[in-house]
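A.B. asks: First to last, the protein sequences are chains E and F. Using our numbering, read the first sequence as starting at 496 and increasing by one per residue. Using our numbering, read the second sequence as starting at 496 and increasing by one per residue.
2 protein chains.
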Amino acid sequence: MSNSDLRYDIIGIGNAIVDIISHETEDFLIRHQLVKDSMSLVDEQAASAIYDEMHPAVQTSGGSAANTMAGIALLGASTGYIGKVKDDELGKFFVHDIEAIGVDHLVKPTSSGPPTARSMVLVTPDGSRTMNTYLGASSTLYVEEINSEAVASADFLYCEGYIWDVETTKKAIRLAISIAKEAGKKVSFTLSDTFCVERHHQEWLELIAGPVDILFGNEDEYLSLSGCQTLEGAIDWIRGQVEIACITEAQNGSTIVTAEHIIGIDAHEVDRVVDSTGAGDLYASGFLFGLIKGFDLQICGKIGSQVAAEVITHTGARPQSPLAEITQMY
Amino acid sequence: MSNSDLRYDIIGIGNAIVDIISHETEDFLIRHQLVKDSMSLVDEQAASAIYDEMHPAVQTSGGSAANTMAGIALLGASTGYIGKVKDDELGKFFVHDIEAIGVDHLVKPTSSGPPTARSMVLVTPDGSRTMNTYLGASSTLYVEEINSEAVASADFLYCEGYIWDVETTKKAIRLAISIAKEAGKKVSFTLSDTFCVERHHQEWLELIAGPVDILFGNEDEYLSLSGCQTLEGAIDWIRGQVEIACITEAQNGSTIVTAEHIIGIDAHEVDRVVDSTGAGDLYASGFLFGLIKGFDLQICGKIGSQVAAEVITHTGARPQSPLAEITQMY
């Protein structure tokens, strides 16, 4: 594409990861001392040790912000993605999938350094997912690799909290945030994981008080961030700190909080939760797509719930059905 | 394992392949001039050209005989598998999955030569699968790599017709067949694909008149092999040529033919066929498991239908649910 017509509705930035997913019992988590429903960073050796004991796996492209961009592209908006892979087999798989779904991949795969990131995702019988991520090449995203023109062109920037775990990528995301703000664009941010919130508590409080306009997270993440004991307390705490805060609450739906309004959104019903991986990511897809289209917040939340419902009914964190019919409802 | 306690219920031999599966419209097949529901051999470049146009894909371990062995292991019999991969990412994925399911992988991954085999599997909305296979490392299985002690130990040998396409692997499978026969064991064989039957017609007629005891194939494959116009004609033709012939007929179930009996087996009902990849392979799993356990042919066929039904209700050619409950029914 020529630089002159570079314009996106939204650009996402995050760790570019391939998910290696298997269904395991709770015993597996206990045996490996894993905290259910959380993400642990592991080195290549530990990832391999877990993999050795896993059942046969399905491999699908993942990465939180990448999943969100994939959902938005399927809904019909123009999206770009900043996340780094190596040009190895997993990297080619990741790039193929994100481009096939219609997202522009804006970082050249590297030919040196660690291999493409992978996450060993253990899905337990209740549909919970416990992730063990080896960051590999994704942790080598440098500030020079942020396509500033693309970021400045987009109405929204979407940032993944996970990327805060590495100093190199944190610098890159901070640059992207400053480019977006200077261009007068909206910055959205997802809290990603309770442990992530704990690791970066002070910095994220400053970020939320500063450049972040739209905040995503689940109930536990908001409790951890706010230091509150109850959801009501956390709602009260976040209210007015950011323009829009979305709190996802699994089967209890979600709450959208602005300075003026608190809007409750029902969860979209499903027969059975097969694999909850990507539920939060795809809620963000639906919600942000609604904002891009200028829908009111209630509709944005409803689209979020619908898209999240699609992704939890099958194995893998990206939609397997066309989502266009959802948008035709509004 | 020490060589002294080497003993298997069954050993399978075939092309060790990783499936890269996407859902596509019929238009995709027309555009690429692909024959629906068949397997085409492609070179690395052609595989890559198809991949470039595919939707986001799911990657799962496949390979016809490997799928059959996986099903038998899940049902609870002791199985080994002879099929070659390279020690690259796809090869490690394949070996992990087959061992995790409980099958002994009996060929050392190679560190040189072409990469691990992959098949681009295009699933159309009716659940049909059209495969484009790059054989890579799987086509370099040499006679020296046949573990003769393991083959001789097994009550059954299971051979995949696909492997006949390459002179090297054909020699290896012929050796395995002669070892099994000399040890007084049963040889089973699957016709794999109509085009495969056409390519090897004369040799397979001799094989069936010779060492093959149990033959698997679908209706089209039997018609092509027999030269008959009708299923009745083909049944009449195969009757008595092999000890047991199984003819799978998709939603119409299957027919088991021996010199004395023709047994009709109903298909096991499913709500929706998501992806028919592996249906024939897993029918063979169920049937052969029944034989291993000494069940009568009607029960063998019923188990075959049940196991095939499991695999067509999700994407991917290997079972995703435990199969032990099926065997507890008999």
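C-beta: ideal position from N, C-alpha, C; glycine also. Quantities reported herein were computed from a predicted structural model and do not represent experimental measurements.
#1: Whole-angstrom Cβ separation of isoleucine 567 of chain F and phenylalanine 784 of chain F, contact assumed at under 8 Å?
#2: My output table needs one value for alanine 552 of chain E: the three-state DSSP class, helix, strand or coil.
#3: Since histidine 550 of chain F meets chain E, which of its residues come closer than 8 Å, beta carbon to beta carbon?
#4: Note down, in chain order, every chain F residue with its Cβ under 8 Å from the Cβ of glycine 679 of chain E.
#5: Please name the residues in the segment 585 to 614 of chain E whose beta-carbon is closer than 7 Å to at least one beta-carbon of chain F, in chain order.
#6: Is the Cβ of aspartate 731 of chain F closer than 8 Å to any Cβ of chain E?
#7: Cβ of leucine 630 of chain F within 8 Å of Cβ of threonine 822 of chain F?
#8: Does DSSP classify lysine 531 of chain F as helix, strand or coil?
#9: Examine the Cβ distances between the segment 634 to 642 of chain E and the segment 651 to 670 of chain E and report whether three or more of them are shorter than 8 Å.
#10: Within this structure, are the beta carbons of tyrosine 546 of chain E and isoleucine 512 of chain E separated by less than 8 Å?
#11: Any C-beta of chain E sitting closer than 8 Å to the C-beta of threonine 520 of chain F?
#12: Between the C-alpha atoms of tyrosine 825 of chain F and leucine 792 of chain F, what's the straight-line distance to the nearest angstrom?
#13: When you compare only the Cα positions, how much space is there between glutamate 555 of chain F and threonine 725 of chain E?
#14: Keeping to the same chain, check which residues put their C-beta closer than 6 Å to that of serine 517 of chain E; ignore five residues upstream and five downstream.
#15: Give the straight-line distance between the Cα atoms of serine 607 of chain F and lysine 587 of chain F, rounded to the nearest whole angstrom.
#16: Pop quiz: serine 771 of chain E and isoleucine 794 of chain E are said to be a contact at Cβ under 8 Å. What is the actual Cβ separation, rounded to whole angstroms?
#17: May I ask which residues mark the beginning and end of the beta strand (DSSP E) holding alanine 740 of chain F?
#18: For chain E, find out if any of its Cβ atoms is closer than 8 Å to the Cβ of glutamine 540 of chain F; answer yes or no.
#19: From which residue to which residue does the beta strand (DSSP E) around methionine 626 of chain F run?
#20: Locate the beta strand (DSSP E) running through tyrosine 576 of chain E, then write down its first and last residues.
#21: Buried or exposed, going by whether 16 or more other CB atoms sit within 10 Å of the CB of arginine 613 of chain F?
#22: Identify every residue that forms a DSSP beta bridge with phenylalanine 684 of chain E.
#23: Between E:Val646, E:Asp532, E:Leu786, which lies nearest to aspartate 599 of chain E when the distance is taken from Cα to Cα?
#24: In the DSSP output, which residue or residues are listed as bridge partners for leucine 617 of chain F?
#25: Mind checking the segment 624 to 656 of chain E against chain F and listing, in chain order, the residues whose C-beta falls within less than 7 Å of any C-beta there?
#26: Restricting to Cα atoms, I'd like to know which of E:Ile733, E:Gln815, E:Asp532 is closest to threonine 689 of chain E.
#27: Of all Cβ atoms in chain C, is any one closer than 8 Å to the Cβ of valine 553 of chain F?
#28: Exposed or buried, what is aspartate 813 of chain F when buried is set at 16 or more other beta-carbons lying within 10 Å of its beta-carbon?
#29: Show which residues of chain F have a CB atom less than 8 Å away from the CB atom of arginine 767 of chain E.
#30: Spell out the partners DSSP gives leucine 666 of chain F in its beta bridges.
#31: To the nearest angstrom, how far is the alpha carbon of leucine 524 of chain F from that of arginine 624 of chain F?
#32: Under 9 Å Cβ-Cβ, which residues of chain E neighbour arginine 813 of chain F?
#33: Report all residues from its chain with a CB closer than 6 Å to the CB of glycine 773 of chain F; omit the five preceding and five following residues, and keep chain order.
#34: Return the CA-CA distance between proline 609 of chain E and aspartate 582 of chain E, expressed in angstroms with no decimal places.
#35: Could you check whether isoleucine 709 of chain E and valine 752 of chain E sit closer than 8 Å to each other, using their CB atoms as the reference points?
#36: Kindly indicate which residue of E:Gly597, E:Ala745, E:Asp522, E:Met534 has the alpha-carbon position closest to the one of cysteine 691 of chain E.
C.D. replies: According to the structure data:
#1: Here residue 567 of chain F refers to the residue found at position 72 when the second sequence is read from its first residue. Here residue 784 of chain F refers to the residue found at position 289 when the second sequence is read from its first residue. At roughly 5 Å, the Cβ-Cβ gap stays under 8 Å, so isoleucine 567 of chain F and phenylalanine 784 of chain F are in contact.
#2: The count along the first sequence starts at 1 and reaches residue 552 of chain E at position 57. Coil at alanine 552 of chain E, not helix or strand.
#3: If you number the second sequence from 1, residue 550 of chain F lands on position 55. Those within 8 Å of histidine 550 of chain F in chain E are Ala595, Ile596.
#4: Taking the first residue of the first sequence as 1, we reach residue 679 of chain E at position 184. Result: empty, since nearest Cβ-Cβ is about 33 Å, beyond 8 Å.
#5: Leu585, Phe588, His591, Asp592, Ala595, Ile596
#6: Along the second sequence, one-based indexing puts residue 731 of chain F at 236. Output row for aspartate 731 of chain F: interface = no.
#7: Within the second sequence, the letter at position 135 stands for residue 630 of chain F. Within the second sequence, the letter at position 327 stands for residue 822 of chain F. No, they are not a contact pair.
#8: Taking the second sequence and counting its residues from 1, one reaches residue 531 of chain F at position 36. DSSP places lysine 531 of chain F in coil when its eight states are reduced to three.
#9: yes
#10: Reading the first sequence from its first residue, position 51 is the one you call residue 546 of chain E. Reading the first sequence from its first residue, position 17 is the one you call residue 512 of chain E. No, the Cβ-Cβ distance between tyrosine 546 of chain E and isoleucine 512 of chain E is not below 8 Å.
#11: Here residue 520 of chain F corresponds to residue number 25 of the second sequence, with the count starting at 1. No, threonine 520 of chain F lies away from the interface with chain E (no Cβ there is under 8 Å from its Cβ).
#12: The residue labelled residue 825 of chain F in the question sits at position 330 within the second sequence. The residue labelled residue 792 of chain F in the question sits at position 297 within the second sequence. The alpha-carbon atoms of tyrosine 825 of chain F and leucine 792 of chain F are separated by roughly 12 Å.
#13: On the second sequence, residue 555 of chain F is found 60 positions in, with the first residue counted as 1. On the first sequence, residue 725 of chain E is found 230 positions in, with the first residue counted as 1. Position check: residue 555 of chain F holds threonine in this sequence, whereas glutamate was assumed. Going from the Cα of threonine 555 of chain F to the Cα of threonine 725 of chain E covers about 43 Å.
#14: For the purposes of this step, residue 517 of chain E is taken as the residue at position 22 of the first sequence. So the list reads Met549, His550, Ala552, once near-sequence residues are dropped.
#15: For the purposes of this step, residue 607 of chain F is taken as the residue at position 112 of the second sequence. For the purposes of this step, residue 587 of chain F is taken as the residue at position 92 of the second sequence. Going from the Cα of serine 607 of chain F to the Cα of lysine 587 of chain F covers about 14 Å.
#16: As a first step, residue 771 of chain E must be located in the first sequence, where it is residue number 276. As a first step, residue 794 of chain E must be located in the first sequence, where it is residue number 299. So it is not a contact: roughly 24 Å between Cβ atoms.
#17: Reading the second sequence from its first residue, position 245 is the one you call residue 740 of chain F. Taken as a continuous stretch (DSSP letters only), the beta strand (DSSP E) holding alanine 740 of chain F covers 739 to 743.
#18: By 1-based counting over the second sequence, the position of residue 540 of chain F is 45. No, because no Cβ of chain E sits closer than 8 Å to the Cβ of glutamine 540 of chain F.
#19: Taking the second sequence and counting its residues from 1, one reaches residue 626 of chain F at position 131. That run of the beta strand (DSSP E) goes 624 to 629.
#20: As a first step, residue 576 of chain E must be located in the first sequence, where it is residue number 81. From DSSP, the beta strand (DSSP E) with tyrosine 576 of chain E extends over 574 to 577.
#21: Within the second sequence, residue 613 of chain F is the residue found at index 118, counting from 1. The residue is buried, with at least 16 neighbouring Cβ atoms inside 10 Å.
#22: As a working note, residue 684 of chain E is residue 189 in the first sequence. E:Cys654, E:Leu710.
#23: The sequence position of residue 599 of chain E within the first sequence is 104, counting from 1. Measuring from the Cα of aspartate 599 of chain E, the nearest candidate turns out to be E:Val646.
#24: By 1-based counting over the second sequence, the position of residue 617 of chain F is 122. Paired residues: F:Ser517, F:Thr625.
#25: none
#26: Residue mapping note: residue 689 of chain E aligns to position 194 of the first sequence, counting from 1. Per the Cα distances, E:Asp532.
#27: Absent from the structure is chain C; the protein chains it does hold are E and F.
#28: Numbered from 1 along the second sequence, position 318 holds the residue referred to as residue 813 of chain F. This sequence places arginine at residue 813 of chain F; aspartate is not what is there. Burial call: buried.
#29: Working through the first sequence from its first residue, we reach residue 767 of chain E at position 272. Going along chain F, no residue has its Cβ under 8 Å from arginine 767 of chain E, so there is no contact; the nearest lies around 13 Å.
#30: As a position in the second sequence, residue 666 of chain F is number 171, starting the count at 1. The displayed chain sequence assigns lysine, not leucine, to residue 666 of chain F. Partner(s): none; lysine 666 of chain F has no beta bridge.
#31: Position 29 of the second sequence, counting from 1, holds the residue named residue 524 of chain F. Position 129 of the second sequence, counting from 1, holds the residue named residue 624 of chain F. So the alpha carbons of these two residues sit roughly 10 Å apart.
#32: In the second sequence, counting from the first residue as 1, residue 813 of chain F sits at position 318. In chain order: Pro551.
#33: Indexing the second sequence from 1 puts residue 773 of chain F at position 278. Counting only Cβ-Cβ distances below 6 Å, and skipping sequence neighbours, we find Asn562, Val806, Ala812.
#34: As a working note, residue 609 of chain E is residue 114 in the first sequence. As a working note, residue 582 of chain E is residue 87 in the first sequence. Each residue's alpha carbon lies about 10 Å from the other.
#35: By 1-based counting over the first sequence, the position of residue 752 of chain E is 257. By 1-based counting over the first sequence, the position of residue 709 of chain E is 214. No, they are not a contact pair.
#36: Residue numbering aside, residue 691 of chain E sits at position 196 when the first sequence is read from its first letter. With distances taken between Cα atoms, cysteine 691 of chain E lies closest to E:Met534.
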